[in-house]
Structure formats: structure tokens, C-alpha cells
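Data block below; observations after.
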Amino acid sequence: MKCYKSSSILSTNHHPFFYKQQPISSLQPTSIPTTISYPTRTRFSSTRIQSRLTHDDPVKQSEDLSFYDLLGVTESVTLPEIKQAYKQLARKYHPDVSPPDRVEEYTDRFIRVQEAYETLSDPRRRVLYDRDLSMGFSFSFSGRRQNRYDQEVVEEKSEWKAKWQTQLSGLRRRSNQKDNNTMSWAARMRRQQQESS
Numbered sequence: 001m002k003c004y005k006s007s008s009i010l011s012t013n014h015h016p017f018f019y020k021q022q023p024i025s026s027l028q029p030t031s032i033p034t035t036i037s038y039p040t041r042t043r044f045s046s047t048r049i050q051s052r053l054t055h056d057d058p059v060k061q062s063e064d065l066s067f068y069d070l071l072g073v074t075e076s077v078t079l080p081e082i083k084q085a086y087k088q089l090a091r092k093y094h095p096d097v098s099p100p101d102r103v104e105e106y107t108d109r110f111i112r113v114q115e116a117y118e119t120l121s122d123p124r125r126r127v128l129y130d131r132d133l134s135m136g137f138s139f140s141f142s143g144r145r146q147n148r149y150d151q152e153v154v155e156e157k158s159e160w161k162a163k164w165q166t167q168l169s170g171l172r173r174r175s176n177q178k179d180n181n182t183m184s185w186a187a188r189m190r191r192q193q194q195e196s197s
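Count the sequence shown with the UniProt record's numbering and you get residues 1 to 197, in order.
Here it is, written out as C-alpha cells:
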């Protein structure tokens, strides 16, 4: 079994981020320790540039924030605290009070703050949002399209409407049958003609 020793003196003539190792048995007391080499050029320059651009652009930064972070509140926040945070941010980022050179930025931020408030102030949508947030889903919301929670509400309403229409048509059918039993044959024929035309 061989034991290896590594050291921390820098060098640029080896592969990036790898330890150059020597067996301990081959080390002599006067030998120079092995080195760690780093690349002379990093391949992460685009990452640094992207990071810098994102850091300088508050609108892009707000896209990555959760609704809680966007409003500046914790996840255990109450409804009155959500309303208070929303009112402060809405006053700050409303397009009517924005500086002339930053209208677009303020409008985008205002839309995101509005969506955060609409989601967190509705208990049902907040539960769905918290569930997705706990599973690590990240959302980019846009004021120009319906978000997922709105779509679920629309689907629920359409289901309710379909049930209601089914019940209503059943009531009409029973009412017609009841009327048919008390009507004369001629009255039923006139009614059928009116319904078919």
C-alpha cells in the first residue's frame, strides 16, 4: 500500500485543478513538495460576465426571486403583512411615479410585484405556490400570460359550469315530461313543432 502526499504551492504547467502526487517513500527531507496547478486561462469568463450582467440589472434579478423575496417577506408572513409589503412596493414601482429613463424597468417590476401579491394573498394559490416552491420549481412569470394557478382556477370553474348545465338540463327534461303528462295531444304536437323550428 502506498501513501500519497499533496501540497499547496501553485504552478501553471500542469492540468487544471489536479494534485500532482508523489509517494511518501520517494520524498526526501530536502525535496520541494508537490504542487497544485491551476489553469492560466479559465473557461468561466462567460459565467463571470453573465453574473455581472445579472447583478447590474435589477429586473433580471427580480425574475430569479421567489414571490416572498420579491415582496421582502418571510414564508410565514400573514395576509396583513403581505398587503402592507405590496402597498409599499406598488407605490415605489408604479409606472406613474417612475423616473422617465426607467419606466420600462419599473413597469416590469410593478407587474411582478402585482403577481406576487395576487398569488400570496389568495390562500388556495398560495398553497399551490408553496408546494411547488418546496419541490424546487422555479417560475418565470409574465404579466402578459396567465400563470398556472389562474389556469387551474379556470379549469375548476369550467367543471363547475358543466355540472351546473347538466343539472339544469335534467330539470328542464323533467319539467317537460311533467308538462307533457298534463297537456292534450294537440298541445304536445304544437309544442314539438315550436321546439323543432
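In this text, a Cβ means the ideal position worked out from N, Cα and C, and glycines have one as well. Computed from a predicted structure; not experimentally measured.
Non-local C-beta neighbours of Val113 in its own chain, meaning closer than 8 Å and more than five positions away in sequence, comprise Leu70, Leu71, Tyr86, Leu89, Ala90 and Tyr93, ordered along the chain.
For Leu120, the closest of Gln84, Gln192 and Glu104 by C-alpha to C-alpha distance is Gln84. For Phe67, the enclosing alpha helix (DSSP H) covers residues Phe67 to Leu71. In this chain, Ser98 is not harboured by any alpha helix (DSSP H), its DSSP state being neither H nor E. Excluding the 5 residues flanking it on each side, Val103 has same chain C-beta neighbours closer than 7 Å at Pro95, in chain order.
Counting C-beta atoms within 10 angstroms of its own C-beta, Phe137 has fewer than 16 neighbours from the protein chains shown and is therefore classed as exposed. Cβ neighbours of Leu79 within its own chain (closer than 7 Å, five residues either side excluded): Ser121. With a threshold of 16 other beta carbon atoms within 10 Å, Ala116 meets it and is buried.
Asp108 counts as buried, since no fewer than 16 other beta carbons sit within 10 angstroms of its beta carbon. In this structure, the alpha-carbon of Glu118 lies about 10 Å from that of Ile82. Beyond the five residues adjoining it in sequence on each side, Ser98 comes within less than 6 Å, by CB distance, of Tyr106 in the same chain, given in chain order. Taken through DSSP and simplified to helix, strand or coil, Thr182 comes out as helix. DSSP places Val127 inside the alpha helix (DSSP H), whose first and last residues are Pro123 to Ser134.
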